[in-house]
Amino acid sequence: MNKITCLQELSKQKMKYIRNIPLNRRENIKNIYIHDFTIHEHNQLESFFPNKMIFKTNNNFGHDYIFNSLYEFDVILINDYDSIIDFEFIQSCMDILQIKGELWIFVHKSNDLLNGDTNTKILERILHENEVRFYKNTLFDETYPLDILIIHKSKNKNIV
Numbered sequence: 012m013n014k015i016t017c018l019q020e021l022s023k024q025k026m027k028y029i030r031n032i033p034l035n036r037r038e039n040i041k042n043i044y045i046h047d048f049t050i051h052e053h054n055q056l057e058s059f060f061p062n063k064m065i066f067k068t069n070n071n072f073g074h075d076y077i078f079n080s081l082y083e084f085d086v087i088l089i090n091d092y093d094s095i096i097d098f099e100f101i102q103s104c105m106d107i108l109q110i111k112g113e114l115w116i117f118v119h120k121s122n123d124l125l126n127g128d129t130n131t132k133i134l135e136r137i138l139h140e141n142e143v144r145f146y147k148n149t150l151f152d153e154t155y156p157l158d159i160l161i162i163h164k165s166k167n168k169n170i171v
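Just remember that the working numbering sits 11 ahead of the position in the sequence shown, which is counted from 1.
See below:
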């Protein structure tokens, strides 16, 4: 499989996952920050949240600007963990979440039995070492598996 096809299929899975979140839950999400999503994904995501008031992306503003602003977000979506994440980045995201806010980290995987979830394991290790509580959803797909780690700010008062 070529990389473009892989990214397109993973994008479809992410969009389907978010679209399938009950509408009454998505309606309550008003302030959203997305990190490293494509313009096409950005446009789709924006349409999934009907009551959005603030919709920021690092493509337009840069994450340093967002982290140093006065914005507070209901949800932060991070695309493809393996490119930039470390604990300081996660902490910075938690700092700009509202008290009931959530951080969703999408982790691309492969079907390699030995190393397919290496990025998920690295992220889980970082979270466990720093005593961060999280939930993990796995989207099973024969060709393009995907993990989503969800961190609730209200359940992690020790890191904010």
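The beta carbon of each residue, even a glycine, is placed where N, CA and C say it ideally should be.
Close Cβ partners of residue i (< 6 Å) along its chain, the five nearest in sequence each way excluded
{"i": "LYS166", "result": "ARG144"}
{"i": "PHE48", "result": "ASN90"}
{"i": "GLU52", "result": "SER22"}
{"i": "ASP128", "result": "LYS120"}
{"i": "ASN79", "result": "none"}
DSSP three-state assignment for residue i, whether helix, strand or coil
{"i": "ASN42", "result": "strand"}
{"i": "ASN148", "result": "strand"}
{"i": "ILE32", "result": "coil"}
{"i": "GLU142", "result": "coil"}
{"i": "ASN13", "result": "coil"}
Spatial neighbours of residue i in its chain, beta-carbon cut-off 7 Å, leaving aside the 5 residues before and after
{"i": "GLU38", "result": "PRO61 and ASN62"}
{"i": "CYS104", "result": "ILE87 and LEU114"}
{"i": "HIS74", "result": "HIS46"}
CA nearest to the CA of residue i, picked from the options
{"i": "ASP152", "options": "LYS23, LYS14 and HIS74", "result": "LYS23"}
{"i": "LEU56", "options": "ILE29, ILE15, ARG36 and CYS17", "result": "ILE29"}
{"i": "LEU150", "options": "ASN130, LYS120 and LEU134", "result": "LYS120"}
{"i": "THR3", "options": "THR154, ILE162, THR68 and LEU160", "result": "Past the boundaries of the shown model lies residue 3; the chain is included only from 12 to 171, so the question cannot be answered."}
{"i": "LEU222", "options": "PRO156, ASP128, ILE107 and GLU99", "result": "This structure cannot speak to residue 222, because the chain is shown only from 12 to 171."}
{"i": "ASN69", "options": "ILE50, HIS46 and TYR82", "result": "HIS46"}
{"i": "ILE77", "options": "VAL118, LYS111, ILE107 and THR129", "result": "ILE107"}
{"i": "LYS164", "options": "ILE110, ASN148 and PHE117", "result": "ILE110"}
{"i": "ARG36", "options": "GLY112, LYS147 and ILE159", "result": "GLY112"}
Beta-carbon contacts of residue i that lie in its chain and below 8 Å, excluding the five residues immediately before and after
{"i": "ILE40", "result": "PHE60, ASN62, LYS63, ASP85 and VAL86"}
{"i": "SER58", "result": "none"}
Residue(s) in a DSSP beta bridge with residue i
{"i": "HIS51", "result": "Answer is none; HIS51 lacks a bridge partner."}
{"i": "ASP158", "result": "VAL118 and THR149"}
{"i": "HIS163", "result": "GLU113"}
Query raised in the report: Which whole runs of the beta strand (DSSP E) in the stretch 57-115 are 3 residues long or more, in chain order?
Result: Runs of the beta strand (DSSP E) lying entirely within the stretch 57-115 and spanning at least 3 residues, in chain order: 65-68 and 84-89.
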